[in-house]
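One structure is given here, and the rest of the page talks about it.
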Amino acid sequence: MVSASKAARLAKRGDADTKKKGSKTSKKGDESPMVDADGNPLPAEEQPATTEGKMKEVEKLTAQMDNHGISDRVTTGVLASMASSRDIKVNSASLVFHGKVLITDSTLELNHGRRYGLLGENGCGKSTLLRSIAAREFPIPEHIDVYLLNEGAPPSELGALEWVVKEAQNTLEHMEKQAEEILERDGPESPILDDLYDRMDKMDPSTFHTRASLILTGLGFNKHTIHKKTKDMSGGWRMRVALGKALFVKPSLLLLDDPTAHLDLEACVWLEEYMKKWDRTLVLISHSMDFLNGVCTNMIDMRMQKLLYYGGNYDSYHKTRSEQETNQMKAYYKQQEEIAHIKKFIASAGTYANLVRQAKSRQKILDKMEADGFIQPVIPDRVFSFRFAEVEKLPPPVLSFDDVSFSYSEKWEDTLYEHLDFGVDMDSRTALVGPNGVGKSTLLRLMTGKLNPIGGRVSRHTHLKLGMYSQHSAEQLDLTKSALEFVREKFSHISQDYQYWRGQLGRYGLSGESQTALMGTLSEGQKSRIVFALLAIEAPNMILLDEPTNGLDVPTIDSLGDAINAFSGGVVVVSHDFRLLDKIAKDIMVCENKTVRRWDGTIGEYKNHLRKKMLSEGAV
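293 is the number of the first residue of the sequence shown in my numbering; add one for each residue after it.
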């Protein structure tokens, strides 16, 4: 068993190394401007306010917490599976982060060939658990190689294909060295060698370029971008390169933290089809119920400081959990009735000898119930029913594109769009779909006026107030402040009352310590909730949403869908979450070939169209 003190030292040392690397990365990131999903620079006013200095302040304050005896990450656990097994079972697993208990006395069990979906509300510690597993802070046998995808390929002179092939060659060399060491130490009878030799045979260096090309093409690269240097790519595209490596080298245990966050719908469909055939161990965090249903064979629910296991995909999990909770509540009410009946009898027994004996007998039944543990009522998941403010109805046309053409270089030979004609009104629920790079984010910024067309006109109603949520909106938060302090200062003209702002943040699922903690220590999903709270406070009458589901848990995405449907203004959304689009989209507009055309069908039919297209092209 790993002692808490030793685990704390290991966690501190590992996190210190991570901080060193992270500070270098932040520095590099500050040298170049933030870009959108299309790879184009964001306007100056949209560049992140978070500077390297502010991040250093967050790290400094976090270090102060550690000096008061609270370690970054403390793990304990006992390996219960055989050291040579491809399965992993760790008993008495516990995980503490910044003094907060995330898991206590639970079982971490990952069986070879299973594809696990990791569920839990924002801030419960899903990403922290994956980082702990990747850092081997739990006792994981050395022969099981672990790869965590939570950052992109590093900026370099290598192209996407060249980098993936080089990483594959490095992996193969490491496996050959590992095989030699096992052979010398344990002899040729070692059960670990068979799996290692099988993996090495399947690597086949002669096919590296071909197979890596197929994977990167599936992830959205074309014959030009596949050779683009990683230093010239946006963070989202470097994440795709890193995902390409993960799929290519096929580690024994692959940990994916929201892998679809930087993908378009087409790449999501490709990845879902590819992962269905994954024959090694996978642990996946995803906000997309559709993706979880298509990929997972098992679910792990991180709830009440435990890891709870369910067979099947997300739909199976939801059905099984609902049935279990219904039965638990029936048993709870039955036991409570029985307890009340026993207590009533004991209270009314009086002094008659035979009744006193019966009362003592009933008391023993009650004591045994208590010793065995009373059946507990079901604690439901917290559901956040946030709403956008009621707004003034504007008569059409509210926002219209009239013969609009656009080019970043302002040259007609470089146009991204040509001769667009369409409009958005107060009752619109428009979804923009299409491959990455075609300009969906660009289209949203043309709507706001942050970009101007080179031909035609974008007309806006004089009373139109646009609200924009982008993939980089959370970067505008001052991470050195708490959410409560930040919103109170930003909207000081509305109210100075702390309780008022506590209520506003609470409506969006940010409560308790999360309101007063440094925003730099919050999860991505918690930061997203703060941004939604800001958006609602500003009360726009048309909302533009660019990948709003990234980092949000499934119940919050459901609440977002309900809020959009109940909103009295117009909505335009870019999202790779099929379930959200199915819930809200009235109009589906496909962006491709420099134009925007209406899709005559549902989002489910569009997904099937993409799947059939891939299968016919042999892309999966």
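Just so it is clear, CB atoms sit at the ideal spot from N, CA and C, and this is done for glycine as well.
| Item | Value |
| --- | --- |
| Less than 6 Å between C-beta atoms, sequence neighbours within five positions excluded: which residues of the same chain meet that for Asn885? | none |
| What residue from Arg654, Asp379, Gly862 and Asn857 has the CA that sits closest to Lys872's CA? | It should be noted that the sequence gives Leu, not Lys, for residue 872. That would be Asn857, whose Cα lies nearest to the Cα of Leu872. |
| Could you pull the start and end residues of the beta strand (DSSP E) that Thr887 belongs to? | Thr887 to Arg890 |
| For my contact list, Gly536 and Leu511 are in at a C-beta cut-off of 8 Å; report their separation, rounded to the angstrom. | 6 Å |
| Based on Cα-Cα distance, which residue from Trp793, Ala538, Glu429 and Ile484 lies nearest to Lys458? | Ala538 |
| Just reading off the beta strand (DSSP E) that His711 is part of, what are its end residues? | Tyr709 to Val716 |
| So if DSSP puts Tyr761 in a beta bridge, which residue, or which two residues, is it bridged to? | Leu837 |
| Just to check my reading of the structure: Lys521 and Leu450 have Cβ atoms closer than 8 Å, yes? What is that Cβ distance to the nearest angstrom? | 7 Å |
| If you measure between the beta carbons of Asp695 and Gly741, is that distance less than 8 Å? | no |
| Can you grab the Cα-Cα spacing for the pair Leu907 / Leu563, in whole Å? | 13 Å |
| Should Val882 be labelled buried (16 or more other beta-carbon atoms within 10 Å of its own) or exposed? | buried |
| Rounded C-beta distance between Ala831 and Val683? I'm assuming under 8 Å. | 6 Å |
| Are Ile631 and Leu658 close, meaning C-beta to C-beta below 8 Å? | yes |
| Determine the DSSP secondary structure at Leu411, reduced to helix, strand or coil. | strand |
| Using a Cβ-Cβ cut-off of 7 Å (strictly less than) and excluding sequence neighbours within five positions of Leu584, which residues of its own chain qualify? | Gly409, Ser578, Asn605 and Tyr606 |
| Would Leu431 and Asp556 be called neighbours here (beta carbons separated by less than 8 Å)? | For the record, residue 431 in the displayed sequence is Pro; it is not Leu. No, they are not a contact pair. |
| Can you give me the C-alpha to C-alpha distance between Leu771 and Ile822, rounded to a whole angstrom? | 12 Å |
| Any contact between the region 372 to 390 and the region 775 to 791? By contact I mean 3 or more CB pairs, one from each, below 8 Å. | no |
| Between Thr722 and Leu837, what straight-line distance do the alpha-carbon atoms span, to the nearest angstrom? | 10 Å |
| Roughly how many angstroms lie between the CA atoms of Glu839 and Ser762, to the nearest whole one? | 7 Å |
| From which residue to which residue does the beta strand (DSSP E) around Ile432 run? | That residue, Ile432, is in no beta strand (DSSP E); it is neither H nor E in DSSP. |
| Can you name, in chain order, every residue of its own chain whose Cβ lies under 6 Å from the Cβ of Phe859, other than the five neighbours on each side? | Phe680 |
| Assuming Thr463 is part of the alpha helix (DSSP H), what are its boundary residues? | Ala452 to Asp478 |
| Looking at Gln650 and Ala639, is the spacing between their C-beta atoms short of 8 Å? | no |
| Roughly how many angstroms separate the alpha carbons of Ser787 and Leu827, rounded to a whole number? | 16 Å |
| Run the proximity test for Asp850: is its beta-carbon closer than 7 Å to any non-hydrogen atom belonging to the ligand HEM? | Among the components of this structure there are no ligands whatsoever, and the ligand HEM is therefore not found. |
| Determine the DSSP secondary structure at Ser908, reduced to helix, strand or coil. | helix |
| Within 10 angstroms of its Cβ, does Asn842 collect 16 or more other Cβ (buried), or is it exposed? | buried |
| Check this for me: beta carbons of Tyr709 and Thr887, under 8 Å apart or not? | yes |
| Would you call the region 397 to 411 in contact with the region 566 to 578, where contact means no fewer than 3 C-beta pairs closer than 8 Å? | yes |
| Taking the C-alpha atoms as reference points, what is the distance between Asn590 and Ser580? | 15 Å |
| Taking the alpha helix (DSSP H) that Leu797 belongs to, which residues open and close that run? | Tyr790 to Gly798 |
| Using a Cβ-Cβ cutoff of less than 8 Å, which residues in the same chain neighbour Arg889 once the five nearest sequence positions on both sides are dropped? | Met881 and Val882 |
| For Ile849, which option in Lys875, Thr808 and Leu421 has the closest C-alpha, if you only look at C-alpha atoms? | Lys875 |
| Which partner residues does Ser280 have in the DSSP bridge list? | The chain is shown from 293 up to 912; residue 280 falls before or after that span and cannot be answered. |
| Pro745 and Phe698 look like a contact to me (Cβ under 8 Å); what is the Cβ gap, rounded to whole Å? | 5 Å |
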